[in-house]
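Colleague: Dropping the structure in here first, questions after.
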Amino acid sequence: MMYLAEARMQDVVKKQLQFKLKAYRGVFTSLIAVQVLAILFSLGGIGMSGGETENFSYEANYYSGNIVIVLTMLWGFITAVLLTTRAYRFDDFSFVTNRVSSNVSNIYFLIVSCILAGITAMLSSFLLKVLVISFVNTDAFVQASVSFPEYSTGMIGTILYIILFSALGYLVGMFTQIHKSLIVLLPVLLLSTLILSTGHPELIQNIIGFFGNENSFLVFALKTIITAVVLFGASLLVSGRMEVKQ
Amino acid sequence: MIIISLLLAFISVIAGIYIFNAFMGKYHIKKPLKWIFGGYAIILIGSVLIYFMLPEDTFTHAKTYSDEEIMQEEKNQEELYRLALNGKIDQVDDKYITQQWEFELKDDRLVLTAPEPQHSAVTVLAERAGTDKKIKIDYYGMKRIVGNVDVSSKVKAPELEFGENTIHIRKREKVNVKVANFSKEFTVKQFSDGKKSESRMSAMMDQDFLYMQIPVGVEVTGGVIFIDE
Amino acid sequence: MHKGGWEMNVIECKGLTKVYGKTKALNDISFTLTENKITGLIGRNGAGKTTLLKIISGYLKETSGEVKVFSESPFNNLKVSANLIFVNEEMSYPGSLNLGEILKAAATFYENLDMELAERLMNYFSLDLRQYHTSLSKGMRSTFNTIVGISSRCALTVYDEPTSGMDAGVRKDFYRALLKDYIAYPRTILLSSHLLNEVEDILEDILLIKSGEKYLHMAMGDLKEYAIALSGRSVSITKWAEERKVIFQKSLGAGSSYIVVKNDLSALEIEQARNEGIELMPVSADDLCVYLTNKTIGGIDDVFSRS
Amino acid sequence: MILNSDSMKPIYIQIAEWLETEIISENINPHQKIYSQYQLAEMFNINPATAAKGLNILADEKVLYKKRGLGMFVTDEAKETILSKRKNETLKTLVVDLVKEADYLNVSEIELIQMVKDASSCIKGDGK
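Heads up: the protein sequence lines correspond to chains A, B, C and D, in order.
Read left to right, the first sequence gives residues 266 to 511 (our numbering).
Read left to right, the second sequence gives residues 20 to 248 (our numbering).
Read left to right, the third sequence gives residues -11 to 295 (our numbering).
Read left to right, the fourth sequence gives residues 439 to 566 (our numbering).
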């Protein structure tokens, strides 16, 4: 008998992750494109206030990396959706895999990408500052002082937000792969619930508030991690219903 | 509103998926790819280094003012003016005095001139004090807060020209202040201790004034408001 | 090669059925493939070859019945995936990797992959390691896929119409390369094709399926003796045809007929047939498969005959 | 040599016949190792199992003998065996064809035997 190769799940997942990091480099190109675009948007400032009296006028421009972070979150969502599409799933199945290893390695890949995305998103605020200082003519550059622990917590928070969005995207993508009609149905369903619930916008606010109003970092981390685990877990269950390559 | 923005978000997500697919999917720009990644990393790290090498005084460290604080500050200033107008200048903190002058009159009359329109110049309050021919002038400059930063120092005291019996208030250049304010990213702010949201309002009323002590018996011509005693 | 008395079953199918909506792609197929054989899966287009191969490779789930590869159910099975490579036209690789990088990636997944062999084959077939899979022509892509298939040396190598788009020369070279590497590193190979004559020499066994059902499964050598053709005057041929199952028949005009029947004639019967002036001829494997998989025993001629 | 896959003869018979020819023409001598199934498979681009079948026919006919773990070797009497087999088979077929043709042409058995005798003496006479 020809010697049969052993296939341990963790080894296969590790190999797939390495393979994906290499093969899906395009994901990082799009990340850079999104962030550069967001930085350009941010250069215009995210807000402005001004006023004038007889002897005095002022103009205050507000800058921050918020646009970069928000667009990076959107990037996380879209990237996750893309990973569930046929083209990417088929690439997996040209080599050793099963559904679980394919999904787990996708999730690891998303997490690694989101960590990278979060770090670059936060670092790009420095680039934004340097650019504003170099090119914007003002009387004063004002900044709230941010301590290193505060900044690091913010960075991890950013990463968790991006992971949360990509987990959501992965589940949404998985659903649309089960049945093509869900591509249309899912947004329609969501929109109609929104329209029906216009009288009670509490739902959306509650969801946003659940994460956004959480001031304790630990509780926030717990909430996002548990939610992401639940979303990813649901995607795994959903994908179990799929055949490959029909 | 929420629905419209969500609709836009959906459309952009779908457009994004198509664009991304075309962008990353089946194109192979390999060599430049390495440079793009490397270049971006270098730019980011470089900007962090540059940021930390910037001179200390590049940034004004903002005290974060809340809307209430700004409103309180404006109220304080009105109160201050009211006190002065009601002859309770002794209740006004001396810290507001940013410049002082002393001037000796030749005769018993004083002519105060200011450029037209009158009101573009500073308000002049006066009280009768003393009998010698000395006039004491204090300038009360007010605090101005713009974009969470105190820009009071940008507003200079008016320039006075003294003649034999005249004081001319020079026309002041209008002060324009531009401030670039770097706010904390929302993910940083969410877990920061100072949770109050920063104000986009500003305290910048033209409540500054010159306070003159004019000797008794000196005849005054010009826009001077004598306080009620 | 260790051909002892003990042979392991690499693939076992029992009552395997696959239904798509209302159509039965596979119907109650049972067979066993023992290790280290090259088996040809032959059938017409739409007979269910691809479905069968995809079920074996774990891409599709059977509707009913049982399928075992290396004694395990192949669907969603990591061990099966690690020891099996499925080569077909649809093989897709990330567009961002060039052929060399794809091979390197394949080598991390398939531990038996012989990179040196792969590179030599690439060189021989004028494929450049720096080319991209998507920029290859159909034939070149098939060539690359088959190179991955040969050099990965999986215990079970499954090819689904591997030569589509290749030119005749490359096909011949590919089959020879496959045979040579098989001789050096014996493994189980399952090869589907609708063109038997290009593969028959290298096959050990043949598995013929027709409309989703197994038609026959036998050694290639036996297939050549499976049927016999009788040709002669229609009168005497008809008598022979009545008594046995006719696989194929055609009229040769002017009172002569040609029929193909199962070769179970005794020596006496052969003698007798010869005496009646009937000519007995062998049937080539290729023709036989065509006859066996025809819908009617007359083939296309039946469409035109109005008797 | 190139095999004729369209031929009536199965590939393994063609392999066996080729090996026989090699032995008759003394390219391979008694007690010499004969090609392995793998060598044959490579030479003729056929499945090794098919080649093995060809070898086994010769082993059954005692043209070859197996040495465990070493392969197959040509027997002492290989050449004779092959020659006698070929005589038998070729001649038999020819005779059958002859009888058939005679039957077709309404030549009686006695007539046919006479013709054979004539032909034989004619050839032998020529030989002398």
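The beta-carbon is built from N, C-alpha and C at its ideal position, and this holds for glycine as well.
Fair warning: this is a prediction, and the values are worked out from it, not measured in the lab.
Starting from C142 (chain C), trace the alpha helix (DSSP H) in both directions and tell me its first and last residue.
Modeller: The residue labelled residue 142 (chain C) in the question sits at position 154 within the third sequence. Here C142 (chain C) belongs to no alpha helix (DSSP H), and DSSP marks it neither H nor E.
Colleague: Cα-Cα, which of D:G509, D:T488, D:L521 and D:R506 is closest to M206 (chain C)?
Modeller: As a first step, residue 206 (chain C) must be located in the third sequence, where it is residue number 218. Among D:G509, D:T488, D:L521 and D:R506, the Cα nearest to that of M206 (chain C) belongs to D:T488.
Colleague: Can you tell me which of B:V170, B:G149 and B:V141 puts its alpha carbon nearest to the alpha carbon of Y159 (chain B)?
Modeller: Counting from 1 along the second sequence, the entry for residue 159 (chain B) is found at position 140. The candidate whose alpha carbon is nearest that of Y159 (chain B) is B:V141.
Colleague: Measuring CA to CA, which of C:P150, C:E99, C:I43 and C:R164 is closest to L269 (chain A)?
Modeller: Reading the first sequence from its first residue, position 4 is the one you call residue 269 (chain A). Residue C:E99 is the option with its Cα nearest to L269 (chain A).
Colleague: To the nearest angstrom, how far is it from the Cα of V300 (chain C) to the Cα of I73 (chain C)?
Modeller: Missing from the structure shown is residue 300 (chain C); chain C here goes from -11 to 295 and no further.
Colleague: With the cut-off set at 8 Å, would you say S219 (chain C) and E257 (chain C) are in Cβ contact?
Modeller: Locating residue 219 (chain C) in the third sequence gives position 231, where the first residue counts as 1. Locating residue 257 (chain C) in the third sequence gives position 269, where the first residue counts as 1. No, the pair does not count as a contact, with Cβ atoms beyond the cut-off.
Colleague: Do L392 (chain A) and I62 (chain B) have their C-beta atoms closer together than 8 Å?
Modeller: Against the first sequence, residue 392 (chain A) aligns to sequence position 127. Against the second sequence, residue 62 (chain B) aligns to sequence position 43. Contact: yes.
Colleague: What in chain A is Cβ-close to S66 (chain B), meaning under 7 Å?
Modeller: Locating residue 66 (chain B) in the second sequence gives position 47, where the first residue counts as 1. Result: F391, L392 and V395.
Colleague: Tell me the rounded alpha-carbon separation between S431 (chain A) and T441 (chain A).
Modeller: On the first sequence, position 166 is the one that residue 431 (chain A) refers to. On the first sequence, position 176 is the one that residue 441 (chain A) refers to. Each residue's alpha carbon lies about 15 Å from the other.
Colleague: What are the residues in the segment 502 to 531 of chain D lying within 7 Å of chain C by C-beta distance?
Modeller: If the cut-off is 7 Å between Cβ atoms, the segment 502 to 531 of chain D has nothing near chain C.
Colleague: What distance in whole Å lies between the Cβ atoms of R163 (chain B) and F406 (chain A), which are believed to be in contact at a cut-off of 8 Å?
Modeller: Taking the first residue of the first sequence as 1, we reach residue 406 (chain A) at position 141. Taking the first residue of the second sequence as 1, we reach residue 163 (chain B) at position 144. Between R163 (chain B) and F406 (chain A) the Cβ distance is about 18 Å, and since that is not below 8 Å, they are no contact.
Colleague: Are three or more beta carbon pairs between the segment 369 to 386 of chain A and the segment 176 to 192 of chain B nearer than 8 Å?
Modeller: As far as the Cβ criterion goes, the segment 369 to 386 of chain A does not touch the segment 176 to 192 of chain B, which means the pair count is below three.
Colleague: Is the beta carbon of I428 (chain A) sitting closer than 8 Å to the one on C379 (chain A)?
Modeller: Within the first sequence, the letter at position 163 stands for residue 428 (chain A). Within the first sequence, the letter at position 114 stands for residue 379 (chain A). A contact, by the Cβ cut-off of 8 Å.
Colleague: For a contact meaning CB atoms closer than 7 Å, what does N494 (chain D) contact in chain C?
Modeller: Your numbering for residue 494 (chain D) matches position 56 in the fourth sequence. Chain C residues near N494 (chain D): none, gap ~11 Å exceeds 7 Å.
Colleague: With 7 Å as the limit, tell me which residues of the segment 419 to 445 of chain A have their beta carbon closer than that to any beta carbon of chain B; keep them in chain order.
Modeller: Cβ contacts with chain B come from G419, G422, T423 and Y426.
Colleague: Which same chain residues end up closer than 8 Å to K45 (chain B) when comparing Cβ atoms and leaving out the 5 residues on each side of it in sequence?
Modeller: Counting from 1 along the second sequence, the entry for residue 45 (chain B) is found at position 26. Bear in mind that the predicted position of K45 (chain B) carries a pLDDT of just 49, short of 50, making it too unreliable to give a figure here.
Colleague: Quick check: is the beta carbon of R354 (chain A) nearer than 8 Å to any beta carbon in chain B?
Modeller: The residue you call residue 354 (chain A) lines up with position 89 of the first sequence. No, its Cβ sits nowhere closer than 8 Å to a Cβ of chain B.
Colleague: Measure from the alpha carbon of G265 (chain C) to the alpha carbon of each residue in C:G34, C:S245 and C:Y214, then state which is nearest.
Modeller: Position 277 of the third sequence, counted from the start, is the residue given in the question as residue 265 (chain C). Nearest option by C-alpha distance: C:S245.
Colleague: Is there a C-beta anywhere in chain D that falls below 8 Å from the one on G209 (chain C)?
Modeller: Position 221 of the third sequence, counted from the first residue, corresponds to residue 209 (chain C). Yes, G209 (chain C) counts as interfacial toward chain D.
Colleague: Would you say K488 (chain A) faces chain C, with C-beta separation under 8 Å as the test?
Modeller: Stepping through the first sequence from its first residue, residue 488 (chain A) is reached at position 223. Taking Cβ atoms only, chain C never reaches closer than 8 Å to K488 (chain A), which makes this a no.
Colleague: Can you name, in chain order, every residue of its own chain whose Cβ lies under 6 Å from the Cβ of N65 (chain C), other than the five neighbours on each side?
Modeller: Working through the third sequence from its first residue, we reach residue 65 (chain C) at position 77. Once the five neighbours on either side are set aside, the close Cβ partners of N65 (chain C) are G46.
Colleague: Buried or exposed: V170 (chain B), going by 16 or more other Cβ atoms within 10 Å of its Cβ?
Modeller: As a working mapping, residue 170 (chain B) is identified with position 151 in the second sequence. With 16 or more other Cβ atoms within 10 Å, it is buried.
Colleague: Tell me the rounded alpha-carbon separation between I171 (chain C) and G200 (chain C).
Modeller: As a first step, residue 171 (chain C) must be located in the third sequence, where it is residue number 183. As a first step, residue 200 (chain C) must be located in the third sequence, where it is residue number 212. Between I171 (chain C) and G200 (chain C), the C-alpha separation is close to 32 Å.
Colleague: Could I get the ranges of all uninterrupted beta strand (DSSP E) runs contained in the segment 89 to 163 of chain B, with 3 residues as the minimum, in chain order?
Modeller: With a minimum length of 3 residues, the continuous beta strand (DSSP E) runs that stay inside the segment 89 to 163 of chain B are 116 to 123, 128 to 132, 142 to 147 and 153 to 159.
Colleague: Taking Cβ-Cβ distances shorter than 9 Å, what residues in chain C pair up with S504 (chain A)?
Modeller: Taking the first sequence and counting its residues from 1, one reaches residue 504 (chain A) at position 239. In chain order: nothing, as chain C lies at least about 10 Å away.
Colleague: Take A493 (chain A) and list the residues in its own chain whose beta-carbon comes closer than 7 Å to its own, dropping the five residues that flank it on each side.
Modeller: Numbered from 1 along the first sequence, position 228 holds the residue referred to as residue 493 (chain A). Excluding positions up to five away in sequence, the list reads I428, L429 and A432.
Colleague: Determine whether the beta carbon atoms of I443 (chain A) and M338 (chain A) lie at a separation below 8 Å.
Modeller: Residue mapping note: residue 443 (chain A) aligns to position 178 of the first sequence, counting from 1. Residue mapping note: residue 338 (chain A) aligns to position 73 of the first sequence, counting from 1. It is not a contact, given that the beta carbons lie outside the stated cut-off.
Colleague: Check whether the Cβ atoms of N200 (chain B) and A325 (chain A) lie closer than 8 Å to each other.
Modeller: The residue labelled residue 200 (chain B) in the question sits at position 181 within the second sequence. The residue labelled residue 325 (chain A) in the question sits at position 60 within the first sequence. It is a contact, given that the beta carbons lie within the stated cut-off.
Colleague: What residues from chain C crowd round K491 (chain D), counting only those whose CB sits closer than 9 Å?
Modeller: Within the fourth sequence, the letter at position 53 stands for residue 491 (chain D). In chain order: A207 and G209.
Colleague: Can you pull the chain D neighbours of E192 (chain C), defined as C-beta to C-beta under 9 Å?
Modeller: Reading the third sequence from its first residue, position 204 is the one you call residue 192 (chain C). Result: N485, P486, A487 and T488.
Colleague: Do you know offhand how far V235 (chain B)'s Cα is from R147 (chain B)'s?
Modeller: Taking the second sequence and counting its residues from 1, the one referred to as residue 235 (chain B) is at position 216. Taking the second sequence and counting its residues from 1, the one referred to as residue 147 (chain B) is at position 128. Taking the straight line joining both Cα atoms gives about 5 Å.
Colleague: Would L282 (chain A) and Y416 (chain A) qualify as a contact pair, given that the criterion is a beta-carbon distance under 8 Å?
Modeller: To locate residue 282 (chain A), count along the first sequence from 1; it is residue 17. To locate residue 416 (chain A), count along the first sequence from 1; it is residue 151. No, the Cβ-Cβ distance between L282 (chain A) and Y416 (chain A) is not below 8 Å.
Colleague: Could you say if the segment 127 to 140 of chain C and the segment 150 to 162 of chain C meet the contact criterion of at least three C-beta pairs nearer than 8 Å?
Modeller: Enough Cβ pairs lie closer than 8 Å, so yes.
Colleague: Going by DSSP, what residue range makes up the alpha helix (DSSP H) through Y279 (chain C)?
Modeller: The sequence position of residue 279 (chain C) within the third sequence is 291, counting from 1. Start and end: A273 to T281.
Colleague: With DSSP as the reference, identify every bridge partner of Q470 (chain D), one or two as the case may be.
Modeller: As a first step, residue 470 (chain D) must be located in the fourth sequence, where it is residue number 32. Beta-bridge pairing links Q470 (chain D) to no other residue.
Colleague: Please classify T323 (chain C): does DSSP put it in a helix, a strand, or coil?
Modeller: The structure shown does not extend to residue 323 (chain C), since chain C spans only -11 to 295, so no value can be given for it.
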